[in-house]
Structures are given as structure tokens and as C-alpha cells.
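Just below is one structure, and these are the notes that go with it.
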Amino acid sequence: MATRAPQRSARTSPERALPDQGELVRVGEQARDFEFTSADFARIRELIHRSAGISLSDHKRDMAYSRLARRLRARGLDTFKQYLDLLEAENDPAEWEAFTNALTTNLTAFFREAHHFPILADFVPRRAQPVSVWCSAASTGEEPYSIAMTLIEALGESGARQASVLATDIDTQVLAKAEAGMYQFDQVKHLSPERLKRFFLKGTGAHAGMVKVRPEVRAMVRFEQLNLTDRDYQLRSQFDAIFCRNVMIYFDKPTQAQVLARFEPLMKSGGLLFAGHSENFTYVTQAFKLRGQTVYELTRDATGVRTPSRAPASAAHHTTGGVTV
Ligand SMILES: C[S@@+](CC[C@H](N)C(=O)[O-])C[C@H]1O[C@@H](n2cnc3c(N)ncnc32)[C@H](O)[C@@H]1O
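Under my numbering, think of the first position of the sequence shown as 58, with each following residue one higher.
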């Protein structure tokens, strides 16, 4: 595949290319280095839906442009069409990874949606030990570390040492950051002084203004890449709790239903599923029943028999989940 260095002045729209006067763009629109057509955007939407289950809505067009323009520059390409042709033709896993990483949204925070953590703290001491928790859209690590900290608070240092947190995400870049466990102090300043002291080390010198999650907390968390839309997650153990927060919102309803069906056999009897604030699985599945604010419980007992669910799957059209983002 022949590639050329990006030409910043190569613009195809005649009314935009006015070399003597600079570029004219519509009010409120940014100047663009690369031609980006509706067909390109439609293709991007199709590809990211196919590879990661993500439904990109119309208003993500500028975001898609700016994030993928970096890939065009990195590959020395002139047009989005060239880039998308290359992506599909070469089947290069590294480029697919970069494409996916570019289009994920990774917003997260320590103890985000704080009401979930006391529920987890109350739940885990009542479970057969050691407990295991899966954080299935871990992003940059704040969520799985918050889970590990909660396990330490609930089980004590020695109890928590047996416990484990599996933290997965599709995005390899955020996983690398998560594994490093380094954050700006600003990201933890809302935590109590007790939590700060117990769970973080303060950076000095070149790391002033940063904090690092203490090694004993990091040791409880194992990071791995996992695509929730894969048919087989290759996970051979079961979990007491699964956190799947603020990721299903990016998936359409059939994808949500498939993911929930894959969670079911991975959950120990009576296990809890934690969802994000705007995610509602009630009408997507019968396998989990709503137990509290965005917390679901598996409707299967130890013998594998399902306990009656309150939500009929036939009401599937009433859901608020499955919106595009
Ligand atoms: C908005 S963040 C939510 C992070 C965290 N769960 C929270 O609630 O703070 C969504 C995460 O889902 C991940 N993601 C998107 N599609 C995914 C997929 N198909 N499989 C696994 N993770 C995915 C993104 O990479 C991103 O890190």
C-alpha cells in the first residue's frame, strides 16, 4: 500500500480551497485537514459497530473526525477513504486496535456512582470466600481500584488478600494507564483523608501533584483486554459480582441482550450485577432482576433453576437502554 505524507492544503471542496485568502468554513465549523464525507462517517459507524458493538450517533461526527485524523497523519494518508480502505484491506490487528482505541469514550472516576460501593461492602462479607469481582469496562482503572479498596474496607487486609478483581476493557491504551495506577491528585481530592492515606502514595519530585495506588491494592487487580461483543470471553471462573457500568449505553438492544446472556453463566448464584445510572436491563433480560438502584441480582439458585423474574422479556420495547451516543 503506497502512502504519502499528509498534505495540509489538499482539500477537494472548491468553495473551501481559496489558496490566496486562506480557508473559508461555515461559522462554527473547524478547518479540516482531510476531506470527510457522509459516506466516510457511515463507514466508520458500521466498522466500529461491527468490531466493538458501539453505536455512534450523528453528533459524534466531529469526534470521529478529530480522533481518526490522527491515524491518517500517523499513516501518512490523504483521505479518510484511503484510511478506511487500508483498515479493511490489510486486516492489521494493530491498526484495528488503534481505530477502536480512538473511538471509545473513557470517562470514569474513583467511586463514581458512589451508592454502589456500600452495597458491595455489605454484600461481600456474606459470600463464600474468597470473593471475586469482574469490572468489565474498567477504562483507566479508577473503577476496579475503587472496587478493590471497597473489598479491603469490607473484608480487612487479610480477607481482601484472598479476593480478586478482574478488570477488562476493549481499549488497550486505557488498560496501560490503569495498570500503571498513577493519577493526578485532582482526581482523588474528593476522597476522604482516610482513603487517601490508606490507599495512595503521594508523588514527590518529578511526580509532585500525582498519586499512585498502593501496591497492595494494585496486587488485587488483574488487567486484561476483553471485547464484550466477543462470542466467548474465555473466562473459566465465576464471579460474585460483575460491574458493567456506562458501557451498555453505547450498545444497541440486541447487543445488550447478548452481553447479558454471556454474563449469566459467569455469575455465581445470588451474584450482583452493577449497571450505570442510565442503563436499564429490566426489559432486556429475564436472567437478572432489579434489586435496587441500577443493581441487579441473578435469578438462578444454586441448582441452576431460575427464580421467577418480575420483568417479562416480551416488554422489550419499553426499555430506556440502547440509546446511541
Ligand atoms: C464511559 S467508560 C465507563 C468506565 C467505567 N465503567 C465507569 O463507569 O466509570 C466506557 C468504557 O467501555 C469501554 N468499552 C467500549 N466498548 C467496549 C467493548 N465492546 N468491550 C469492552 N469494553 C468496551 C471503553 O473503552 C471505555 O473504557
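For each residue, glycine too, the CB sits at the ideal point set by N, CA and C.
Asked: Can you have a look at serine 249 and say buried or exposed, based on whether 16 or more other CB atoms are within 10 angstroms of its CB?; Found: exposed
Asked: I need the DSSP call for aspartate 149, collapsed to helix, strand or coil.; Found: coil
Asked: Quick one: any contact between the region 176 to 184 and the region 148 to 166, if contact means 3 or more CB pairs under 8 angstroms?; Found: no
Asked: Determine which residues share a DSSP beta bridge with tyrosine 240 and list them.; Found: Val268
Asked: Could you check the C-alpha separation between arginine 61 and leucine 134 for me, to the nearest Å?; Found: Legend: pLDDT at arginine 61 = 34, less than 50; position of this residue unreliable, no value from coordinates given.
Asked: Report the rounded CA-to-CA distance for aspartate 297 versus alanine 146, giving the unit in angstroms.; Found: 42 angstroms
Asked: Does the separation of the CB atoms of histidine 172 and phenylalanine 331 fall below 8 angstroms?; Found: no
Asked: Does the beta-carbon distance from glycine 266 to glutamine 241 come in below 8 angstroms?; Found: yes
Asked: Given a threshold of 16 other Cβ atoms within 10 Å of its Cβ, counted over all protein chains shown, does alanine 99 qualify as buried or as exposed?; Found: exposed
Asked: Just to confirm, is the Cβ distance from valine 270 to lysine 310 under 8 angstroms?; Found: no
Asked: Would you grab the beta carbon distance between leucine 329 and glutamine 295 for me? Rounded to a whole angstrom, and I think it's under 8 angstroms.; Found: Between glutamine 295 and leucine 329 the Cβ distance is about 13 angstroms, and since that is not below 8 angstroms, they are no contact.
Asked: Since threonine 225 sits in a beta bridge, which residues does DSSP pair it with?; Found: Glu281
Asked: Select from Gln315, Thr229, Gly260, Met277 the residue whose C-alpha is nearest the C-alpha of glutamate 214.; Found: Met277
Asked: With which residues is lysine 246 paired in a DSSP beta bridge?; Found: None, per the DSSP bridge assignment.
Asked: For ligand 1, any of its heavy atoms closer than 7 angstroms to the Cβ of valine 302?; Found: It should be pointed out that residue 302 corresponds to arginine in this sequence rather than to valine. Answer for arginine 302: yes, Cβ within range of ligand 1.
Asked: Specify the secondary structure class of tyrosine 353 as computed by DSSP and reduced to three states.; Found: strand
Asked: Just how far apart, CA to CA, sit leucine 258 and leucine 232?; Found: 20 angstroms
Asked: Do alanine 121 and leucine 160 have their CB atoms nearer than 8 angstroms?; Found: yes
Asked: In chain order, what residues of the same chain have a beta carbon less than 7 angstroms from the beta carbon of serine 256, not counting five sequence neighbours either side?; Found: Contrary to the premise, residue 256 reads as phenylalanine rather than serine in this sequence. If we look at phenylalanine 256 and ignore the five residues flanking it on each side, its Cβ neighbours are Met206, Val270, Arg271, Val274.
Asked: Cβ-heavy atom distance between serine 5 and ligand 1 below 7 angstroms?; Found: Residue 5 cannot be examined here, being either before or after the span of the chain that is shown, 58 to 382.
Asked: Tell me whether valine 82 sits in a helix, a strand or coil according to DSSP, three-state version.; Found: Confidence in valine 82 is poor, its pLDDT being 48 and thus under 50, which makes the residue's placement unreliable; the coordinate value appears in the next sentence. DSSP places valine 82 in coil when its eight states are reduced to three.
Asked: List the residues that DSSP assigns as beta-bridge partners of phenylalanine 300.; Found: Cys192, Phe331
Asked: List, from N- to C-terminal side, the beta strand (DSSP E) runs of 3 residues or more that fit wholly inside the region 165 to 213.; Found: 189 to 192
Asked: Which of helix, strand or coil does DSSP assign to arginine 95?; Found: Rather than arginine, the amino acid found at residue 95 in this sequence is serine. Note: serine 95 maps to helix in three-state DSSP.
Asked: Give the secondary structure of arginine 348 by DSSP, where H, G and I count as helix, E and B as strand, and everything else as coil.; Found: strand
Asked: Give the straight-line distance between the Cα atoms of threonine 197 and threonine 136, rounded to the nearest whole angstrom.; Found: 31 angstroms
Asked: Is leucine 223 closer than 8 angstroms to arginine 279 when the C-beta atoms are compared?; Found: yes
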